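Below is one structure, written out as structure tokens; the observations come after it.
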Amino acid sequence: MHITVDRDLCCGSGNCVETVPDVFDQDSRDGMVLLRISQPPEHLREAVERAAQLCPVGAIEISHRNSTD
Amino acid sequence: MGEVASVDVTAFPAFPFIGSDDDPFIPVRDYDLKHLDESTGRIRLPFGGWAWLITKHEDVRQLLRHPGFSSDQYRPGFPVLNPIPPTREGASGLFIFMDGDAHSRFRRMLTAEFMIKNIRRIEPLIEETVNEALGRMREIGPPADLMNEFALPVPSMTICHLLGVPYSDHDFFQHHSRAIMDRNSGPAEVGAAMEALNGLLGDLITHKRTHPGEDLLSRLVTERVIPGELKEEELLSMAMLLLVAGHETTANMIGMSALALLEHPEHLDALREDPGLAPNLVEELLRYCTVVRTGLPRLALEDAVIGGREIKAGESVVAMLSMANRDESVFHDPEFFDPRRNEAHRHMAFGFGLHQCIGQPLARAELRIALVQLAKQFPGLRSETTLADVPKRHEAVTFGLGELPVTW
């Protein structure tokens with residue numbers, strides 16, 4: 000699982016940080032999304048998918064290729 | 000636009016809907032639901048014209064994420080649902096009414112302020128505020144009006160702390176912010192209260208130029224106003240927006256949440272035993288109560304398809320959050336209040352899209368702390384009213400209770 004975030008699209012709602020604080024963070028300067036890790040372990044998949052679903056602007060993209068691609 | 004104007008709106012149900020008078024937890028009466036079906040989802044707007052009412056969870060998501068819809072209530076043809084300042088100049092910092100870069104310019108000045116990690120820092124202050132209010136309620140009663148003694152002062156004092164209103168002005172601030180909410184206030188009284196708060200915040204902004212503190216207003220004055228990036232009147236307008244948006248919504252949610260829990264005392268007992276239940280309980284309360292009952296109005300700037308329905312440029316839509324939050328394709332048995340439901344977090348009580356509530360981490364923290372302390376400190380709390388008798392604020396911008404008589 001590989002995650003990308005679109006900081007231009009981000010509106011700083013913080014839903015992703017609320018959902019998976021191990022993966023997402025907010026920039027202290029502007030409140031926009033930051034990735035702690037871009038290839039989170041598989042056991043976080045469900046939570047990351049939930050964060051992407053809850054993102055009000057669709058700024059979180061998950062590509063489902065595995066790490067050997 | 001000629002085509003739009005020629006539609007006969009008399010067959011469409013009048014909007015905003017008035018919820019059930021028998022039960023504050025029924026956002027839309029069967030009568031309106033039936034009429035809506037018959038008229039293929041169109042509603043008659045309060046100030047003329049009509050709009051599509053978007054009610055399905057997936058359609059509301061799609062609409063509020065769509066870049067082709069405007070939130071700018073000053074655009075001709077916008078489906079205005081609630082009174083707004085008469086001119087755009089009077090709304091210079093009201094970024095909820097803005098699109099694109101104008102909107103993000105303001106929003107981005109505030110996002111860091113409301114980040115979860117910053118809200119965590121003020122949680123002790125919220126807890127202090129909650130405990131003070133509960134202490135006063137205990138002195139006054141039983142019985143007491145939970146709206147007046149608890150639901151209203153907690154968010155008002157929290158905003159005081161956040162904005163950096165000095166202690167000496169807290170009573171003044173609270174008195175006038177309450178008048179805005181009071182169901183007995185007429186338009187003149189609300190206007191006078193707004194004026195008084197405007198004066199207080201204006202003086203405060205001037206004061207913070209030379210005496211900055213550790214608060215939101217000081218930071219915006221120092222980092223934005225003094226360097227010339229933000230005008231003083233824009234900051235004042237933003238501060239008023241934060242006050243109104245943060246006060247009324249949260250106060251109504253605390254009141255409705257308390258009533259929901261008093262109607263289901265087993266959940267109040269469970270919360271007292273295990274405060275760890277609070278986060279999911281708060282999500283379910285947000286879903287079940289959805290205090291923004293008029294929904295969110297938008298104007299189509301381009302032709303679009305939402306939920307399979309073609310919407311033409313120039314047409315109006317309203318995203319009906321309360322109905323999306325009871326969409327049975329997402330929420331199992333949606334009319335049932337179930338604090339343990341797994342999918343509660345999928346509610347859209349804070350809206351969706353780039354205007355989604357910026358203060359949601361603050362609102363969640365206030366609700367969580369308020370309800371946990373209420374459960375802990377008032378184990379014998381009971382409602383002294385019924386769902387039918389409790390006064391309801393149907394006409395208000397955010398739905399809530401006029402009062403909530405309780406005893407213990």
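Just so you know, the sequences run in chain order S and V.
Under numbering that gives the first Met the number 0, the first residue of the first sequence is numbered 0, with each subsequent residue one higher.
Under numbering that gives the first Met the number 0, the first residue of the second sequence is numbered 0, with each subsequent residue one higher.
C-beta atoms are modelled at their ideal positions from N, C-alpha and C, and glycine is treated no differently.
If you're wondering where the values come from, they're calculated on a predicted model, not measured in any experiment.
For residue i and residue j, I'd like the C-alpha separation in whole angstroms.
i      : j      : result
V:E127 : V:N324 : 32 Å
V:L242 : S:E41  : 43 Å
V:G40  : V:R308 : 10 Å
V:I357 : V:L62  : 19 Å
V:I42  : S:V56  : 27 Å
V:E112 : V:G212 : 15 Å
V:S176 : V:L196 : 8 Å
V:L133 : V:D29  : 38 Å
V:K33  : V:K55  : 15 Å
S:Q25  : V:E394 : 38 Å
S:P20  : V:L52  : 36 Å
V:D22  : V:L403 : 14 Å
V:D214 : V:H160 : 8 Å
Quick one: is residue i buried, meaning 16 or more other Cβ sit within 10 Å of its Cβ, or exposed?
i      : result
V:Q372 : buried
V:H174 : exposed
S:I2   : buried
S:Q38  : exposed
V:G89  : exposed
V:V6   : exposed
V:Y166 : exposed
V:E233 : buried
S:H63  : exposed
V:P378 : exposed
V:A101 : exposed
V:R120 : exposed
V:N251 : buried
V:T209 : exposed
V:G99  : exposed
V:N183 : exposed
V:E314 : buried
V:P82  : exposed
V:I225 : exposed
V:H331 : exposed
V:I253 : buried
V:V79  : buried
For residue i, name the three-state secondary structure that DSSP assigns.
i      : result
V:T406 : strand
V:R340 : coil
S:I2   : strand
V:A101 : helix
S:D21  : coil
V:E309 : strand
V:L284 : helix
V:K230 : coil
V:I42  : strand
V:K116 : helix
S:L34  : strand
V:I53  : strand
V:A348 : coil
V:A178 : helix
V:S217 : helix
V:A150 : helix
V:D58  : helix
V:L386 : coil
Going by DSSP, what residues sit across from residue i in a beta bridge?
i      : result
S:S62  : S:H1
V:R381 : V:T406
V:F68  : V:A299
V:L320 : Bridge partners of V:L320: none, in fact.
V:V304 : V:E309
V:A143 : V:V405
Should residue i be counted as a contact of the ligand FAD given a C-beta to heavy atom distance under 8 Å?
i     : result
V:P84 : Inclusion of the ligand FAD in the displayed structure is not the case, the ligand content being empty and no account of it being possible.
Does the pairing of the region 147 to 154 of chain V with the region 217 to 229 of chain V give three or more beta-carbon distances under 8 Å?
no
Tell me whether the region 342 to 350 of chain V and the region 105 to 122 of chain V touch, counting them as touching only if at least three CB pairs, one residue from each stretch, are closer than 8 Å.
no
Whether or not the region 270 to 279 of chain V and the region 379 to 392 of chain V are in contact is what I'm after, with contact meaning three or more pairs of Cβ atoms, one per stretch, closer than 8 Å; do they touch?
no
Given 8 Å as the limit, is there contact between the region 360 to 370 of chain V and the region 299 to 306 of chain V, that is, 3 or more CB pairs closer than that?
no
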